[in-house]
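For the sequence shown, the UniProt record's numbering assigns the number 1 to the initial residue and increments by one for each residue that follows. We treat Cβ as the ideally placed atom computed from N, Cα and C, and that holds for glycine.
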Amino acid sequence: MQFAEWCYGSTCSDHVKFGIFPQTAVIPISKTFSTTSSEAHELIAELTDVLTEWWCSIKETYGRQAQMESQDDILLYMEDLMAMRKRVLSGNVPVEELKEMRLQLARKIDLGNQWLGLDMQIRDETGRVIDIDSTSVVHAYRAHLNAVDRILHDSKPNQTHTVSAFSLLVHAQSATLDCKAECEFSLSLYDATEQKFISESFIFYWTFKSGSLTNRNSRALFNDLGSKEYPSNPPSNKDHRILLCIRVARIAPIEGSSSTMKKQSDPGPPQLWSRQPYAAALLDITDVLNGPSGPVEHIIPLNRQQLIAKANSARGSGTMKSMNVENISGFGRAQLMISTEVLIGSISHIKKSNPHIFSVNPPVETRKMFFADVISADDIRNDLYVTLVQADLHGGKGSDRNIEARVCIVDSNGIVKDSVEIMTAEGVQRKTTYHSLVLYHEDKPKWNETVKIQIPEDTDQNMHLRITFHHKKGYEKGKQEKGPFALAFARVMEGATLIKDEMHELLIYRIESGRFDENDTSYSRLPATRTELKASQSQLRPQTSSFVCGEKNFLYIQTVTCSTTLTHNKNLLDILKWKTNRHTFLESLLSYRYRQQEITRGNLKERLQEISRPKGVALGEELVKFIPNFCDALFEIIDHHPDYDGLVFDALVSVIQLVNEERYKNFQPVLQKYIKNFHSTVAFVKLIPVLRQRVESAEDTHESTLSTMKALGILVQMTVKSKQCSDRLRLTSSNFSQLMNDLLNSFVLFMQNKRVRMTCQNTALKYLPSIVPHLSSPDVFDPHELTDFLVRLMDHLGDNISPRCRLNFIKDIVQTDYFLRASNRVKLLPKVLEKVVSELESIDFGRVTSVGADRAKVIECVSASADIVFEILERLFSANASEDERGTEEELHIVISKMFRTVLETTISLMKEKMPASAFCALTVALLSKVSAQMYKAYVDMHTTRIDKQDLLMEMVHLFRDLINKSSFDPSWFNMICLQNKMILKTMKFVMSTMIEYFDADSFDSDVSSFLNGLSSFFIYACLITFLLVFQSLSLLGFFLNVASIVHL
């Protein structure tokens, strides 16, 4: 029952007792609501409260001013929230979607509250409001900082964001062609900025009998696209322009040259028909990538005549970017209708987020012709992409013009079956031989077709690519097709390494008619490229009894390999196969054409040096593929070549640096898996002395030491694993402790050395905490010695090391699990507090406020100091700390006794100099929240003289007054202000009891006594005024409940 603003009824928990309730506290219960889940119940309640509060705030704002800031945005947000509430009330929203809606709701509420000037709400990771009474001060403060960052991020919806991975879904819906033969459509992506194709081709077919596509589900997903292909927002001149290239080929017999021959010719069997250019088109998809999400349809006119030649020449000359879609005008009724959709994220994320795309008839996945920006460790590829660019085959018979190139892979056993992969709408088709387009009456064809070849796992040294050239003419019944009239080849394996990714000019070998044998590979002994021919310095024309080199003929091919099992790099290969290369590896593996040239490149030592140089990291894609094998080879080399310890160490550092790069971060689990199964029992004996030598020689080898410091954590992890392996096999490893102690002592001296560059010392401090978890493993290293090392290191940090780096090092130590062990904290905790106090007390706040650089350094130092104490309080003394890790009362007393006075003085100085003081204000409140009456009395008793006690009380009182009058927290941080005032009122009880116990009216300053006598009333009054100002927009009932919970302490 409802009367005006009051309702009559009962609570849900007690239907016997009835009474009146304010209308704002009543939620109508309907049948729809009763069927909703608890998640939906909470959402609806929060939406109702927010809408009510926002509407009241808007009405009050309109009453004071005619125009409200962000008015339209607020009203749109309210419409969104009402729509969301209506949808939740329907009861048809799944639980998972409700969780996502809660996060969306949280973002909108937080941003709306900021626009309206309402209080900030702090939330957890799920979007729920945090109960301030059940959380710590540190957690509440950090939640406020996170809320500020979140609101700042959400308030910039048009900010530039980087897309590291995405895919392009293309769906060919229909095609209209004026053709009486079956046609083949080929789609591929072209980077007009770099002037190269970047994706495999997707093939689908159109049949003239039905006038439609043979497969209605002709969909392709172009994968592995990254930030390079994705345009920036707003657009930039540096953006790559991506084109979707469409080529149409008719599959039909070659027509005769005269009309009579055309009419009388027999088409012959379909397997002998040729692929002939029919139409071409380009679609600029840059706007699609920048456009709205969801499918976008395109009707693309196809050019059937003039621009076929122009498209072909553009592919060869790299001028495709000059061809606009507008220039490709349609001819007749030739057009293609497709839809495109951009899917953001990695392929695994896309499949998880869009199950409807992959559930039934999934699209064909076409790969990028290069490795992705971020390479996946699980990605196994062994692909060779060969682009037939152009050829010059003139000089033969006059009829050798309609030329078809056929590509296959040949090894020692003959032609490799099913090595060619074609991505079609029906799936992946495997063929033994690829047949190129046939350009009518042309002996200098420009194909520009890319062939994908799957390199077999059991490759041998004789594997090569063979391209044969055939003349295509009209079918003659009873006559067999003639064999090839010419041949070219390229070695896939060159000296046990893959063919280089570059343009190759292949030699053309003429074949006498009828003398070609598929099993004859005698040509492989001849030079394959123009470069080989020049290197041979032979004056004779290369030939055999069956093959004669055409001096003026050539074939250009472009090769790109994407292999995770084979390599281009000879240096890397020499290290991987070092056992077979101790003296004559190159001589035994390289063919005679390279023997004299390559043997002079050096031995294994030089290979290790080249790998370890800074430019050696450019191996990148090659090296990460062989991390386990490469590391195994390095440790085998150490066993056989003691004088190579330093070289192997540097090569190992190069590997660690490589996996730390953003592009190869997915290979970090591969390295960690290798270390987990590490089996070397002597690695620590080899690595630790070299690591120590790098530290001791830092003055002279700055770059080398700097690289070593960045790899420090994994290097020590390897030595620990080696020691554990030695222990499992019951081998002697007693010298591990001595070696490690010597290393740690060298670090202490290293930090004191003023001749070492500061960047090197700062880098070492950054990565030294990463060794603590490994050395603190059971039965590895004495924890007392490790603790002593950390304490000595803190005591001996040089003056040239920046305070920020010193404090960050201490913070990283506090954040380790090693710090949580009570036995380790006996020495560490007092030393950590001592160093933090020392850094804070060394700051002269009055002298740095006017200098911008000094001010920034002071703020950094103060922030880092506060973070350290925050970590100590949260990890040791919070309610969430486990019993084994929780700090004792004695440790809390140590924290209070060492830090409290310094924190008070620092907070006062920051507020006095008008520097950011919110962190130390929160730290002050956090310390006060931990202080009990007994601990406060013990702390006051530490001040032996009455003057010391009086000074302490006066500092606290003046700080409390300043916090009440001009809090460092933002006015919208009501929860923090609430906690601050609550802790102040609690502490004022202790202050008054101290005054009564230790001072009387005669011995205490009259002004101070008068001030303290009225202090309690002042603070209660100030807190009430503060709450009234902060909670003026909330209900009166909620206000009194909050005040009551604070006053009745």
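Residue i: first and last residue of the uninterrupted beta strand (DSSP E) it sits in
i	result
P277	274-284
P22	19-22
M915	Note, M915: premise wrong, no beta strand (DSSP E); not H, not E.
G112	Careful: G112 lies outside any beta strand (DSSP E), inside the alpha helix (DSSP H) at 95-116.
Q537	Premise fails: Q537 is in no beta strand (DSSP E) and is neither H nor E.
I575	From DSSP, I575 is part of no beta strand (DSSP E) but of the alpha helix (DSSP H) over 570-576.
residue 1050	Past the edges of the chain, shown from 1 to 1049, lies residue 1050, and the structure says nothing about it.
V420	420-424
E365	364-366
Under the three-state DSSP convention, the category residue i falls into
i	result
residue 1072	Only positions 1 to 1049 of the chain appear in the structure, and residue 1072 is not among them; the question remains open.
H394	coil
D501	coil
V325	With a pLDDT of 42 at V325, under the threshold of 50, the modelled position of that residue is not reliable, and no figure is offered here.
Q335	strand
D49	helix
I347	helix
I122	coil
I996	helix
L786	helix
P269	coil
Q454	strand
S612	helix
I1025	Any reading at I1025 must be qualified, since the residue scores a pLDDT of 48, below 50, and its modelled position is unreliable; no value is offered.
D131	coil
H943	coil
A252	strand
A856	helix
C562	strand
D884	coil
Q306	With a pLDDT of only 49 at Q306, under the threshold of 50, the placement of this residue in the model should not be trusted; the figure read from the coordinates follows. The answer is helix: DSSP assigns Q306 an H, G or I state.
L892	helix
Sequence-distant residues of the same chain with beta carbon closer than 7 Å to residue i, five excluded per side
i	result
K754	G798, N800
S909	F845
N361	N217
L573	A496, T497, T567
G887	L876, F877
S227	T162, V163, S164, D373
S612	L647, D650, A651, S654
V814	V832, I868, E871, I872
Continuous alpha helix (DSSP H) stretch holding residue i: start and end
i	result
D73	71-89
L833	822-841
residue 1051	Beyond the ends of the chain as shown, which are 1 and 1049, falls residue 1051; an answer cannot be given.
N741	735-752
F960	946-965
N808	803-814
S359	355-359
N146	137-154
Chain-order list of residues whose beta-carbon lies under 8 Å from that of residue i (same chain, five-residue window excluded)
i	result
R804	K857, E860, C861, A864
H679	C725
Q597	Confidence is the limiting factor: at Q597 the pLDDT is only 36, short of 50, which leaves the residue's position unreliable, though a coordinate-based value still follows. Answer for Q597: A535, listed in chain order.
Close-in-space but distant-in-sequence residues of the same chain around residue i (CB under 6 Å, 5 per side omitted)
i	result
R541	C549
I455	N382, L384
G117	none
L671	I627, V659
Do three or more CB pairs link the region 643-652 to the region 603-614 at distances below 8 Å?
-> yes
The region 710-724 in contact with the region 654-661 per 3-pair CB rule at 8 Å = yes
Report the residue ranges of all alpha helix (DSSP H) runs contained in full by the region 639-720; include only those spanning at least 4 residues, in chain order.
-> 645-659, 668-676, 683-696, 702-710
Taking three-plus beta-carbon pairs below 8 Å as touching, is the region 364-382 in contact with the region 191-204?
-> yes
Is it true that the region 420-428 meets the region 459-466, where meeting means three or more beta-carbon pairs spaced less than 8 Å apart?
-> no
Three CB pairs or more closer than 8 Å across the region 723-731 and the region 676-687 | yes
Taking one C-beta from the region 242-256 and one from the region 346-363 each time, how about it: are there three or more such pairs within less than 8 Å?
-> no
Any contact of the region 814-831 with the region 758-773, i.e. 3+ C-beta pairs under 8 Å?
-> yes
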